[in-house]
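The listed protein sequences derive, respectively, from chains X and W. Residues in the first sequence are numbered consecutively from 1, following the UniProt record's numbering. Residues in the second sequence are numbered consecutively from 1, following the UniProt record's numbering. Glycine is no exception: its CB is placed at the ideal position from the N, C-alpha and C atoms.
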Amino acid sequence: MEPIRKDELEAKDCGSQAPKSKPCPRPKPGEAAGGCSFDGAQITLLPIMDAAHLVHGPIACAGNSWESRGTLSSGPSLSQYGFATDLNDNDIIFGGEKKLKDSIDYIAGRFAPPAIFVYSTCVTALIGEDMDAVCKEATGRLGIPVIPVNSPGFVGSKNLGNRLAGEALLQYVIGTGEPEDNIPLGVNLIGEYNIAGEMWDIEKLMNSAGITLMSRITGDARYKEITWAHRAKVNMVVCSRALLGLAKAMESKYHIPYFEGSFYGAKETTYSLRQMAFLMNDREMERRVDRLTEREESRLIQDLRPYRKILKGKRAVLYTGGVKSWSIISALKELGIQVVGVGTNKSTDDDIARIAERVGDDTEFIPEGGASRILKTVRDRKADIMIAGGRNMYVAMKEQIPFVDINQERHRAYAGYEGLLRLAKEMTYSLANPIWKLASSPAPWDKEVPYDR
Amino acid sequence: MTVSKRSKPASVNPLKIGQSLGGVLALQGCYRALPIIHGPQGCSAFPKALLTRHFREPIAVQTSALQEMDVIFDANRNLEEALNTILTKHRPDIIGIIGTELMDVAGVDYQSMLKSYKRERNLRGGLAFSVTLPDFIGSLESGFSGTVEAMVDELIQQAGHRNQRSVNSRQITLLPGSFLTPGDVMEIKEMISAFGFEVITVPDISTSLSGHLLTGFSPLTRGGVPLDSMLQSLQSGLTIAIGGSMERPARRLHNAIGTPYKVFQGAMGLKATDDLLHFLHQISGEPVPLRYCWHRENLLDSMLDAHFQFAGMSVIAALEPDHLYSVSQWLEELGVEQKALITSCETPVVSGMEREVWVGDLDDAEVLGSGADLWISSSHGLAGAERIGAAFMPAGFPVWNELGAYMSTSAGYRGAMDWTNKAGNLLIRREAGRRESSVRHR
Ligand code: SF4
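Structure below.
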């Protein structure tokens, strides 16, 4: 069992609590891609399923973004409602605070949510709306937490938005409640958003090892479970550097140890489960984890056999937009796939070091985005498949490159042992599809062969 | 007759889509074009993601990537940087700069910046224009038509008075509205050319977003109407606009260079298609091609077959203004009850409708449409339709839970027939489902 190394606790990227010398790079006009901080804040907080999420600004920020993420709920669906103050030009001239207040009251009255998150956007931030004051006043008056999230799009990247959302949780939510008596102390998962239901697979695994999932921050979460997150015994940051700051703050404020881990690939999954048990400091639990992971791994090896036969030696280009790269690489390696190119545009030095540990010398690092750059790597390195986010999916389709979607909008869960098997299947189906041959062969009349009667 | 609004402070489940997205969509219909959204990067990332999801195609769009301090101090420096990068790297034929509401609020004058940029760089041969599309007014539809208008303006400017306009009376400029799918645009183009006309479509999403197999990635648009055809369109003898929102760009062409125009509010359903074909027949002197006579009969027959299914049924539709008008006309012909019609913003077309129209959101649709049998809206309406137990028919924008939505055709007799069958089938399945569940639970 490896203990966590001290140096792993040091993060020096834009996702850490206090960015030191290297801030997030400025996006380049004319060649920038990617979402804004407001988007990032929503990614982190929308999975709190029973809360209402109100966007304060003109319609587009909410109207163009609601229902765009693959985070699933096992019950309440209020978070899937698109709420917006929908400011018009008059509101902007005379100020939108009144409308904001009325909207909060309306939502509280009609939907009775346990909490309302209010997001600022560029316009409301620019005209200097005092959102904090409106929220504070409403909290007092309505008796439910109304939480301001100050993450307008123009302050920076998605990652920064994740972090600002984490800060809002720390400031307004965590530590404001106490767990119900019958809940045993356990682990918080930070930065796992239940995309395609991955959280459920992870939870099942944890339960079979006897580990309690205390607070989900925030995949398929209920508001109140986050209020008592400070009582957990361990925090796990699930491959999301942006929320490392949250884990660090909880360590210094509430003395909860944390570690960074991933559930992509059997090895990482096993490591994460073991690390939980180790930090819980419970011998019996460690033994249970060992038994579970051994059993699961050996079953997985059996199940993977037919797919590995097909996948072994295949070459992949991986472009996840940063953070998840290293953990997915482990998963791919377990399937026998060679990663010949990997995107590092949003990765920190730490991430890059971890990527380097996991790939061979001839792997190309793709430092900045742009579909053309990715495609060039695919061609130069003779890759068989591209693994990337939905934004690049149709670019790959045009080039007739087999593709597997790995980001926000995807519909398949790839976490845990089950997830790895699903990933193997998905890649196999994608590679074996008849369309690649059909699409690349010309129409019969374009071939120089006469019609054979 | 009346346009109403339910009073509530917040928008709940918005139907409205930002104007700037409409602008990006319009530019997808021009060849080798690149829209630049002048604003923070989120303002281009969201439309790009949403359009990609709907059309299942790569979408060309760039951003001036403003950050907080740029907005406050010098937003145009970013725009200049974006233009420099784009011109040196990709050399687009058409650049459309779309100003967001943030530029309005911050009072940034990018129009004059663009003018002097063009003068300094001696930009010739291409088309570069700007259009202001704040999101606190209008909707997708007005963003689209506003962009086409700005584009037409720039075209007229570009052509100048260099040569006396020679009119080609066999050539028609088609201005299709934002609610038409690539499949619709294709259908309408075919109808017009069936009468012997050359058609130049501005913008033409039917050749860019209908699905193509061109390889060789480019950040610019890969299909659509090329710039030289656009310039040539100034010689057209007539403009045909489909959708009330397209009247303004048609009128620009008329006022500036004298091209007469005809606006059709829609091209869906029996009567609307009759109108269009009758008009084409008259101005061309050509007979209506036999195939359309067949299509007409097919449509009428399918309506006869389906009318049992629609009898006593009620429908709720929540769509962009022009689209709502078209769909409502078609529903009229089916003889179903139109329980509530909801749209994103008020326009002359909807205020002129004989039925009550609500400006609102999908939550209003849920409340006003309670008890409806069929729900027609974008994919955002699915949850609401389920809550009120209506069969759900995706239409408009965005549609992501159905393959081929972008090619689904409602224009012409064939389009109306498709839609009639689709809607009827949804009702049949809903009824069967109900019957089954009532048996099981007894
Ligand atoms: S960048 Fe600002 S205005 Fe644009 S979508 Fe993001 S929050 Fe809204």
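Setting aside the 5 residues that flank it on each side, C43(W) is surrounded in the same chain by I37 and T100, each with a C-beta closer than 6 angstroms to its C-beta; the list follows chain order. The three-state reading of DSSP puts P394(W) in strand, counting E and B together. Counting the other Cβ atoms within 10 Å of the Cβ of D380(X) gives fewer than 16, which makes it exposed. Among the residues of chain W, those whose CB is under 9 angstroms from the CB of W66(X) are N13, P14 and H380, following chain order.
If you draw a straight line from the Cα of E448(X) to the Cα of F264(W), it comes to about 47 angstroms.
R287(X) carries a helical assignment under DSSP once its states are collapsed to helix, strand and coil.
Contact between E154(W) and F129(W) holds, since their C-beta atoms are separated by about 4 angstroms, short of 8 angstroms. Between V149(X) and chain W, the shortest Cβ-Cβ separation is not below 8 angstroms. Taking 7 angstroms as the Cβ-Cβ cut-off, the segment 50 to 77 of chain W approaches chain X at L50, T52, R56, E57, P58, Q62, T63, S64, A65, L66, Q67, E68 and V71, given in chain order.
The beta carbon of A165(X) sits no closer than 7 angstroms to any heavy atom of the ligand SF4. Going down the chain, each residue whose beta-carbon is closer than 5 angstroms to a heavy atom of the ligand SF4 shows up: C36(X), F38(X), C61(X), T121(X), C122(X), G153(X), P40(W), G42(W) and C43(W). Contact with chain X is absent for Q111(W), since none of that chain's Cβ atoms lies less than 8 angstroms from the residue's Cβ. Nearest CB-CB separation between G42(W) and chain X: below the 8 angstroms threshold. Residue state for H411(X) is assigned as coil, using DSSP reduced to three classes. Inclusion of R358(X) and Q338(X) in the CB contact set at 8 angstroms is not warranted, their separation being larger than that value. Of all residues in the segment 211 to 223 of chain W, only H212, L213, L214, T215, G216, F217, S218, P219 and R222 place a beta-carbon less than 9 angstroms from a beta-carbon of chain X. Under the three-state reduction of DSSP, G99(W) is assigned to strand.
If you look at D184(W), you'll find it in the alpha helix (DSSP H) that goes P182 to S193. In this structure, the straight-line span from the alpha carbon of K262(W) to that of R248(W) is close to 11 angstroms. In this structure, M214(X) and N188(X) form a Cβ contact; the two beta carbons are roughly 5 angstroms apart against a cut-off of 8 angstroms. The Cβ neighbour count for T239(W), taken over all protein chains shown within 10 Å, is at least 16; the residue is labelled buried. The C-beta of N88(X) comes closer than 8 angstroms to at least one C-beta of chain W. D204(W) sits close to G224(W), with the two beta carbons spaced by under 8 angstroms. Straight-line spacing of the CA atoms in P434(X) and A405(W) works out to 24 angstroms. For D135(W), the residues of chain X that pass the 7 angstroms Cβ criterion are P58, I59 and A60, in the order they occur in the chain.
A Cβ of chain X is located within less than 8 angstroms of the beta carbon of F46(W). Under the Cβ criterion of 8 angstroms, L54(X) is counted among the residues facing chain W.
If you draw a straight line from the Cα of K333(X) to the Cα of Y414(X), it comes to about 14 angstroms.
Considered as a whole, the segment 199 to 271 of chain W harbours 236 to 242 and 261 to 264 as its complete beta strand (DSSP E) runs of no fewer than 3 residues, in chain order.
Approximately 5 angstroms separates the beta-carbon atoms of G210(X) and R288(X); this is inside 8 angstroms, confirming the contact. Here M236(X) is bridged, per DSSP, to L189(X) and F259(X). Taking C-alpha positions only, H411(X) is separated from G22(W) by approximately 28 angstroms.
For a cut-off of 8 angstroms, the C-beta gap from P348(W) to S103(X) is around 30 angstroms, too long to register as a contact. Within the same chain, and ignoring the five residues on either side of D303(X) in sequence, the residues whose Cβ sits closer than 7 angstroms to its Cβ are L421.
The beta carbon of P29(X) sits closer than 8 angstroms to some beta carbon of chain W.
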